[in-house]
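Which chain is which? The protein sequence lines are Y and L, in order. For what it's worth, numbering that gives the first Met the number 0 labels the leading residue of the first sequence as 0, then goes sequentially. For what it's worth, numbering that gives the first Met the number 0 labels the leading residue of the second sequence as 0, then goes sequentially. Where is the CB? At the ideal position from N, CA and C, for every residue including glycine. Predicted, not measured: the structure shown is a model, and the values here were computed from it. The structure under discussion appears below in the form of structure tokens.
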Amino acid sequence: MLAYIVRRLLIAVPTILLLIVASFFLMHFAPGGPFTSERPLPPAVLANIEARYGLDQPLWKQLWDYLYNIVVHFDFGPSFKFKDRDVNDIIAQGFPISLTYGSLSFLVATTVGVALGIAAAIKHNSWIDYLAVGLGIAAQALPNFIMGPILILTFTLWLGWLPGGGWNGGQWPYLIMPVIALATSYMGSIARITRSSMLEVLNSNFIRTARAKGLPTRTVIWRHALKPTLLPVVSYLGPVFVYVLTGSVFVDIYFSTGGLGQAYVGSALSRDYAVLLGVTILYGVLTVLVNLLTDLAYAWFDPKIRY
Amino acid sequence: MNKYIRTSLAGLLTSTMIASAAFAAGTHPTTGEALADDQTFTYRILDEHSSVDPQVVEDVSGAEIVRDLFEGLMNQDEDGNLVPGVATGYTTNDSKDVYTFTLRDDAKWSNGDPVTASDFVFAWKRAVDPALSSPYAWFMELMSIDNASEIIAGDKSVDDLGVKAIDDHTLEVTLSAPLPYFPQMTTHSTTFPAPQKVVEEFGDAWTKPENIVSNGAYVLTEHLPQERSVRERNENYWDNDNTIIEKVVALVINDENVALTRYLAGELDRTEVPAGQFPRLQKEHPEEAISFPRLCNYYYTFNLSDGGPEAFKDPNVRQALSLAVDRKIITENIMAGGQPQAYTFAPAATAGFDVPDVEMAAMSQAERDELAKELLAAAGYGPDNPLSFEMVYNTSEAHKKVAVALSQMWKQKLGVNAELANMEWKIFLEERGNQNFDMARGAWCGDYNEASTFLDLLQSDSGYNDGKYNNARVDELLSEAKTSDDAAPLYTEVERIIAQETPVIPIYHYAGVYMMDSDVGNWPVKNVEQNWYSKNLYKTAE
Chain Y
0 MLAYIVRRLL IAVPTILLLI VASFFLMHFA PGGPFTSERP LPPAVLANIE ARYGLDQPLW
60 KQLWDYLYNI VVHFDFGPSF KFKDRDVNDI IAQGFPISLT YGSLSFLVAT TVGVALGIAA
120 AIKHNSWIDY LAVGLGIAAQ ALPNFIMGPI LILTFTLWLG WLPGGGWNGG QWPYLIMPVI
180 ALATSYMGSI ARITRSSMLE VLNSNFIRTA RAKGLPTRTV IWRHALKPTL LPVVSYLGPV
240 FVYVLTGSVF VDIYFSTGGL GQAYVGSALS RDYAVLLGVT ILYGVLTVLV NLLTDLAYAW
300 FDPKIRY
Chain L
0 MNKYIRTSLA GLLTSTMIAS AAFAAGTHPT TGEALADDQT FTYRILDEHS SVDPQVVEDV
60 SGAEIVRDLF EGLMNQDEDG NLVPGVATGY TTNDSKDVYT FTLRDDAKWS NGDPVTASDF
120 VFAWKRAVDP ALSSPYAWFM ELMSIDNASE IIAGDKSVDD LGVKAIDDHT LEVTLSAPLP
180 YFPQMTTHST TFPAPQKVVE EFGDAWTKPE NIVSNGAYVL TEHLPQERSV RERNENYWDN
240 DNTIIEKVVA LVINDENVAL TRYLAGELDR TEVPAGQFPR LQKEHPEEAI SFPRLCNYYY
300 TFNLSDGGPE AFKDPNVRQA LSLAVDRKII TENIMAGGQP QAYTFAPAAT AGFDVPDVEM
360 AAMSQAERDE LAKELLAAAG YGPDNPLSFE MVYNTSEAHK KVAVALSQMW KQKLGVNAEL
420 ANMEWKIFLE ERGNQNFDMA RGAWCGDYNE ASTFLDLLQS DSGYNDGKYN NARVDELLSE
480 AKTSDDAAPL YTEVERIIAQ ETPVIPIYHY AGVYMMDSDV GNWPVKNVEQ NWYSKNLYKT
540 AE
């Protein structure tokens, strides 16, 4: 197991390196630069700026310096757009916010989704099943960019219950709408996966055996059926966690949360190279780690799997 | 305002409200209106500002904040006129190339230090210093300050800049060329003073709320990037007694429709009206939907460079296309926010600019269409030989609507095939800057309130002249205007030439179209540059 983890982490290093190099060149090959503006800078001014940020160096040298600073100083470079902050600052300030929205959405989507799915499977073909399936499909059909406007119009403009955006120190009224917007469609998917998986498990031989032994339904479900049911769900949860984190880009922008999403999209549009790369690396590393955790979780859910 | 926000604001405001009890309970000293207890002004900004460092800031929302935090030599009043700031006045020599400003002796930094002439010298040298490499260093060149260009190019030391402190309260500026409107330019944020000690102590981080020291009516107290920036009264500001607004909150809201919703829910005092929604909002909220002229233009430029389309080398073709544009439809049906139709490049609202009697403006649209057909036929284009070209604009719903309308007008009236192409902003700028287009959208907001800020774009060697229009007479008039005491007739003549030769198609001039809470007093609707100062605003009791 430990050897497996070490091996996976070692593979992650070249993966991330490849991500950095590919992103670096793609970014530099995109037309326009950080200082392309409607008011083109006089050549002397532009030369001063480029010299200050090392943009006058050949690309390979820039890439080398960038990697060197990350490895040696853990410095992800300056922001070209926000002069008083560097990438480390921007991530340190925005990521905890995105992580809060992402984790809460993940929790909501998982608990509500799994509960709905199980309820639907147990009461197969009853009104509970139809309601749960209906809700699940409706939720899945509502991506966050549809949920956002619906929620804001309802709860901010019409009912006046919730603030229409902002972070404000993370007070709970500011968290509700973004979390619902982000969680809804994943909740729908999780509910559907859980339901079909549970139905399949409930029809399998070992459940029939358990029932034949005269075990109460509760024990059959919780002790025997739940773990195998969750296996396909878990394999979906890994990507979902990454999705809610990156999916929070829309929520960050739409609800003005101050999270990383705005900085990410903004940096792409303004060619703020270091910020764009920094956030890409962050999401890349998270993806690798979450995938590893998912694989490790398999072993717990399915004793047949050994690393 | 919903209750959650109200609760949190109440908590935050308790301390400041005690301090301002004198005003809060009272009435406005000149108008006599009853003032609200809560003097907080909350407004929306589209995007996170670049910086609040006066020498570095390059965007409008950042400059708005800097104008509250710092005070330059001169300010603007509600009408855009020059009024004293840190300087009480100035004198100039006969040749208008040396300006001497007298600084008030009660101006203080927020840490209590006096504001002196050397703070300005430090700031101005900083602005041109290659070590800072400010993207707005060019503004110092535009101001014609002696040696600015040489210092930026690295050929001279910053100490050679034509600015010196004669004593603590006298600042002398030497220009490389006479500039009659130099004092107007000192209202621009690049020229605001900077606190040397603080800048040297904290480096780039000196503008963070915990470090910043400023000399304006407000100090920065909170900043969560991409979310909010808060500024509160500076008790050391020399005119603090006449300041009414206690606290100003700028909220970053990227989506203009969300901003409008939040405004309607009472979370904001001011927001922009999305294109096309003004008529409805005006009907529903007549007291709050406001529109006033601004100092910006919207145009399409022809590519007149050697690589540009042959057809556009013929002024008849260009004029025909301009004539066939029904500006009334674009301003009234598409933008619908009170934007004036444009027949000149510089907006009529520009100070000291006499709008020439452009022939086209006096014609009816039917007459224009008729003439357009004749001109295009004379140029050899018609049903057998239709004119075709590509028009590019940067991706945006509003730009798309205008572009579609233009191409339809040309198609229906003249049988011209204009193909639309939209591009992401940076790519658009790159392509336009390299003359890789037939016809391209353009827009310009004045850097200062004088017609040259617009017309200089059409000077042949201007870095902003993306259409590469080249007319020796225009160049001559514009360079003459730089030093002339009365430039208005020169600008009028330039506009006449532009109307004849049509290197650009002016479409409309911008309007400031806002939803503004009716309890906000003294918003400077007549200041066409929209240089607003929170210290001049107030909120009346509802």
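1. On a CA-only basis, which of Y:279, Y:188, Y:295 is nearest residue 26 of chain Y? Give me that one, please.
2. At a CB-CB cut-off below 8 Å, which residues of chain L make contact with residue 205 of chain Y?
3. When you compare only the Cα positions, how much space is there between residue 481 of chain L and residue 179 of chain L?
4. Does residue 140 of chain L come out as helix, strand or coil in the three-state DSSP assignment?
5. As an exercise, report each continuous alpha helix (DSSP H) stretch of at least 4 residues that is fully enclosed by the stretch 136-204 of chain L, in chain order.
6. Hey, residue 261 of chain L and residue 529 of chain L are a contact pair by Cβ (cut 8 Å); roughly how many whole angstroms apart?
7. With distances taken between CB atoms, is the gap from residue 177 of chain L to residue 57 of chain L smaller than 8 Å?
8. Is the stretch 326-340 of chain L touching the stretch 369-387 of chain L in the sense that three or more CB pairs, one from each, lie closer than 8 Å?
9. Does the Cβ of residue 156 of chain L have 16 or more other Cβ atoms within 10 Å, making it buried, or fewer, making it exposed?
10. Roughly how far, in whole angstroms, is the beta-carbon of residue 428 of chain L from the beta-carbon of residue 49 of chain Y, given that I think they are within contact range, below 8 Å?
11. Pull up the distance between the alpha-carbon of residue 488 of chain L and that of residue 353 of chain L, whole angstroms please.
12. Report yes if the C-beta distance between residue 79 of chain L and residue 535 of chain L is below 8 Å; otherwise report no.
13. Contact defined as beta carbons within less than 8 Å: I believe residue 203 of chain L pairs with residue 82 of chain Y. What is the distance between those atoms, to the nearest angstrom?
14. Cα separation between residue 211 of chain Y and residue 171 of chain Y?
15. Taking the alpha helix (DSSP H) that residue 246 of chain L belongs to, which residues open and close that run?
16. So the candidates are L:298, L:296, L:268; which of them puts its Cα closest to the Cα of residue 288 of chain L?
17. Quick one: what does DSSP say residue 352 of chain L is sitting in, helix, strand or coil?
18. Run down chain Y in chain order and give the residues with a C-beta less than 8 Å from the C-beta of residue 499 of chain L.
19. Can you tell me the Cα-Cα spacing of residue 18 of chain Y and residue 98 of chain Y, whole angstroms?
20. Secondary structure at residue 124 of chain L, three-state DSSP: helix, strand or coil?
21. Are the C-beta atoms of residue 53 of chain L and some chain Y residue less than 8 Å apart?
22. Find out if the Cβ-Cβ distance for the pair residue 41 of chain Y, residue 462 of chain L is shorter than 8 Å.
23. If residue 260 of chain Y sits next to residue 271 of chain Y, beta carbons under 8 Å apart, how far is it from one beta carbon to the other, in whole angstroms?
24. What is the DSSP secondary structure of residue 508 of chain L, counted as helix, strand or coil?
25. Assuming contact is defined by CB atoms lying nearer than 8 Å, are residue 181 of chain L and residue 53 of chain L in contact in what I supplied?
26. Please name the residue in L:363, L:468, L:410 whose C-alpha comes closest to that of residue 327 of chain L.
27. Using a Cβ cut-off of 7 Å, pull out every chain Y residue sitting near residue 207 of chain L, in sequence order please.
28. Give the interface partners of residue 262 of chain Y over in chain L, defined as CB-CB distance under 7 Å, in chain order.
29. When we look at the beta-carbon of residue 241 of chain L and count the other beta-carbons within 10 Å, is it buried (16 or more) or exposed?
30. Using a beta-carbon distance below 8 Å, is residue 253 of chain L in contact with chain Y?
31. Taking 8 Å as the CB-CB cut-off, is residue 123 of chain L touching chain Y?
32. Anyone know if the C-beta pair for residue 189 of chain L and residue 86 of chain L falls short of 8 Å?
33. Excluding five sequence neighbours on each side, which residues of the same chain lie with their C-beta closer than 8 Å to the C-beta of residue 282 of chain Y?
34. 8 Å is my cut-off, CB to CB: does residue 108 of chain L come that close to chain Y?
35. Can you list the residues of chain L that residue 118 of chain Y reaches, using a CB-CB cut of under 9 Å?
36. Assign residue 203 of chain Y to buried or exposed, taking buried as 16 or more other Cβ atoms, counted over all protein chains shown, within 10 Å of its Cβ.
Result, derived from the coordinates:
1. Y:279
2. Under the 8 Å cutoff, chain L gives no residues; its nearest Cβ is about 51 Å from residue 205 of chain Y.
3. 8 Å
4. helix
5. 136-141, 147-151, 181-184, 195-201
6. The pair is not a contact, with the Cβ atoms about 21 Å apart (cut-off 8 Å).
7. no
8. no
9. exposed
10. Residue 428 of chain L to residue 49 of chain Y, Cβ: 17 Å. No contact.
11. 7 Å
12. no
13. 6 Å
14. 49 Å
15. Counting along the chain, residue 246 of chain L falls outside any alpha helix (DSSP H), though it belongs to the beta strand (DSSP E) covering 246-251.
16. L:268
17. coil
18. Within 8 Å Cβ-Cβ: nothing; residue 499 of chain L doesn't reach chain Y, min ~27 Å.
19. 22 Å
20. helix
21. no
22. yes
23. That belief does not hold up - the Cβ atoms of residue 260 of chain Y and residue 271 of chain Y are roughly 14 Å apart, past 8 Å.
24. strand
25. no
26. L:363
27. 83
28. 225
29. exposed
30. yes
31. no
32. no
33. 241, 244, 245
34. no
35. Those within 9 Å of residue 118 of chain Y in chain L number zero; the least Cβ separation is about 33 Å.
36. exposed
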